[in-house]
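Everything below concerns the one structure shown next.
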Amino acid sequence: METVTCIYRAPIAVGHRVEVRWFEASSAGIFGTKLDEQPHQPLVKDLETGIEYMGDWLFKHTGAKRAKRALAIDEHIKKELEVVRTLVGTVSRCRVVTVAWSEYDIQTHLDVEPD
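So in the working numbering, the last spot in the sequence shown is 120, and the numbers never skip.
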């Protein structure tokens, strides 16, 4: 069993099969940019419903969020992103948690039994 933690909502029903893909993203450091896995921002796809859950960082967008307006994003995820890990399995537990004192106010914990 593997626990997947996401810093967004991903309410996947117990018993549903999922595909979870983790990506690398570049981050600036003292010695230039480097690639780091984003452990809490994977793309989670419910293989039973086809619904995909992810953060906006996977898409190119204007970066300008306006009140009462949807953020305009590209149709496909960024081409330059590299998948570093994939997990396919069945959800045995799903918890969606509200975090009252955090920048990210919702997080999801999925227990996944690998295929």
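Note that CB positions come from ideal geometry on N, CA and C, so glycine has one too.
- Counting C-beta pairs with one atom in each stretch, the segment 19-27 and the segment 87-94 have three or more that are closer than 8 angstroms, which means they touch.
- The criterion of a C-beta distance shorter than 8 angstroms is satisfied by Thr8 and Asp116.
- DSSP places Leu92 within a strand segment (E or B) once states are collapsed to three.
- As the crow flies, the alpha-carbon of Ile17 is around 13 angstroms from that of Thr10.
- Rounded to the nearest angstrom, the gap between the Cα atoms of Trp106 and Gln112 is 12 angstroms.
- In this structure, Leu52 keeps its C-beta atom at 8 angstroms or more from the C-beta atom of Leu86.
- Taking C-alpha positions only, Arg14 is separated from Lys65 by approximately 21 angstroms.
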